[in-house]
Amino acid sequence: DMPVPTSQRGRVFLGELKVYTRFPLGLFHAWSYIHLDTSTLVYPQPLGHRNLPLGQQSQNTGEGSPHYTGGEDFIGYRDYNVGDSPRHIDWKAVARGRNWMIKQFGGMSAAQVWLTWDDVSMLKNLEAALSQLCLWILVAESQGAQYGLKIPTCSFEPNSGEQHRELCLQALALYALP
């Protein structure tokens, strides 16, 4: 991975890349330009202050089915990630000076979350809404939840895993672009 600064989301063409060295001890400088005929996809920045839309009524079915269902059985620990719910942090381990860990729960029904455009439509602008959805996708994935995404241009049924996450993030990255 190599970070490339960008100010826009969507498809970004890399173009020209300067590779240089100052070896040994900065005595010599050598450089070369590499012309890249490739592009990459830039996702929205995962930002937001809103929690996952848990326990709300689903707005895409006329029924009273909740946005989120989850199990109650403890199934293990995983490392803490930014955006994790504070109520799942193992505070006793933190108090003992151990790494921050998240308690994972499961059960007969796997956690399921619907992330919809209606959940973010009140945010100040398009990029803020996409950033919030991006954060929710990453949080839901890290918590092992099955999540679905419903935005005006497409819809993905609840699922989980790397391929599903990439599909959802690609949809956000390319949303409302020419």
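UniProt numbering puts the sequence shown at residues 1 to 178. Just so you know, even glycine gets a beta-carbon here, dropped at the ideal spot from N, CA and C. Everything numeric in this text was worked out from a predicted model, so none of it was measured.
Taking 8 angstroms as the threshold (C-beta atoms), are G15 and L36 in contact?
In the sequence shown, counting from the first residue as 1, residue 36 sits at position 36. In the sequence shown, counting from the first residue as 1, residue 15 sits at position 15. Yes, the pair counts as a contact, with Cβ atoms nearer than the cut-off.
Mind checking whether W114 and G148 have CB atoms under 8 angstroms apart?
Within the sequence shown, residue 114 is the residue found at index 114, counting from 1. Within the sequence shown, residue 148 is the residue found at index 148, counting from 1. Going by C-beta atoms, W114 is nearer than 8 angstroms to G148.
In three-state DSSP terms, what is H88?
In the sequence shown, the residue the question calls residue 88 occupies position 88. Reduced to three states, the DSSP call for H88 is helix.
CA-CA distance, L177 and C154?
As a first step, residue 177 is located in the sequence shown; it is residue number 177 there, counting from the start. As a first step, residue 154 is located in the sequence shown; it is residue number 154 there, counting from the start. Each residue's alpha carbon lies about 14 angstroms from the other.
Taking the alpha-carbon of Q143 as reference, which of I151, A128 and G161 has the nearest alpha-carbon?
The residue you call residue 143 lines up with position 143 of the sequence shown. Here the closest residue by C-alpha is G161.
One question on the structure: do L123 and Q132 come within less than 8 angstroms of each other, judged by their Cβ atoms?
Translated into the one-based positions of the sequence shown, residue 123 becomes position 123. Translated into the one-based positions of the sequence shown, residue 132 becomes position 132. In contact: L123 and Q132 (Cβ atoms closer than 8 angstroms).
Does the separation of the CB atoms of L52 and A128 fall below 8 angstroms?
Indexing the sequence shown from 1 puts residue 52 at position 52. Indexing the sequence shown from 1 puts residue 128 at position 128. Going by C-beta atoms, L52 is not nearer than 8 angstroms to A128.
Along the chain, where does the alpha helix (DSSP H) containing A145 start, and where does it finish?
Within the sequence shown, numbered from 1, the residue matching residue 145 stands at position 145. No alpha helix (DSSP H) holds A145; DSSP gives it neither H nor E.
How far does the alpha helix (DSSP H) with A173 in it extend, from its first residue to its last?
For the purposes of this step, residue 173 is identified with residue 173 of the sequence shown, where counting begins at 1. If you look at A173, you'll find it in the alpha helix (DSSP H) that goes E162 to L174.
For I102, which of R96, I151, W91 and A95 has the nearest alpha-carbon?
Sequence index remark: in the sequence shown, residue 102 carries index 102 (1-based). Taking each of R96, I151, W91 and A95 in turn and checking the Cα distance to I102, the smallest one comes out for W91.
Cutoff 7 angstroms; reference Q170; Cβ partners in own chain excluding five residues on either side
Working through the sequence shown from its first residue, we reach residue 170 at position 170. For Q170, where only same-chain residues beyond five positions count, the Cβ hits under 7 angstroms are L41.
Start and end of the beta strand (DSSP E) containing N159?
Along the sequence shown, read from residue 1 onward, the residue named residue 159 stands at position 159. For N159, the enclosing beta strand (DSSP E) has its first and last residue at C154 to N159.
Buried or exposed: where does E63 fall if 16 or more other Cβ atoms within 10 Å of its Cβ makes it buried?
Taking the sequence shown and counting its residues from 1, one reaches residue 63 at position 63. Model confidence at E63 stands at a pLDDT of 39, short of 50, so the residue's coordinates are unreliable; what they give is reported in the following sentence. Burial is judged here by how many other beta carbons sit within 10 angstroms of a residue's own beta carbon; E63 has fewer than 16 and is exposed.
Using a Cβ-Cβ cutoff of less than 8 angstroms, which residues in the same chain neighbour P158 once the five nearest sequence positions on both sides are dropped?
Walking along the sequence shown from the start, residue 158 turns up at place 158. These residues qualify, in order along the chain: Q112, V113, W114, Q146, Y147 and G148.
Length of the line joining the Cα atoms of R165 and K150:
As a position in the sequence shown, residue 165 is number 165, starting the count at 1. As a position in the sequence shown, residue 150 is number 150, starting the count at 1. Distance between the alpha carbons of R165 and K150: 13 angstroms.
Run through DSSP, which three-state label would V19 get?
Counting from one through the sequence shown, the residue named residue 19 turns up at place 19. Of the three classes helix, strand and coil, the one that applies to V19 here is strand, per DSSP.
If you check the beta carbons only, do Y43 and A173 fall under 8 angstroms apart?
What you label residue 43 is simply residue 43 of the sequence shown in a count that begins at 1. What you label residue 173 is simply residue 173 of the sequence shown in a count that begins at 1. Yes, they are a contact pair.
For N99 and C134, I'd like the C-alpha separation in whole angstroms.
On the sequence shown, residue 99 is found 99 positions in, with the first residue counted as 1. On the sequence shown, residue 134 is found 134 positions in, with the first residue counted as 1. Cα to Cα, N99 sits roughly 26 angstroms from C134.
Label T25 either buried or exposed according to how many other C-beta atoms from any shown protein chain fall within 10 Å of its C-beta, with 16 as the threshold for buried.
Position 25 of the sequence shown, counting from 1, holds the residue named residue 25. Thr is not the amino acid found at residue 25; the sequence shown has Leu there. Around the Cβ of L25, a 10 Å sphere holds fewer than 16 other Cβ atoms; the residue is exposed.
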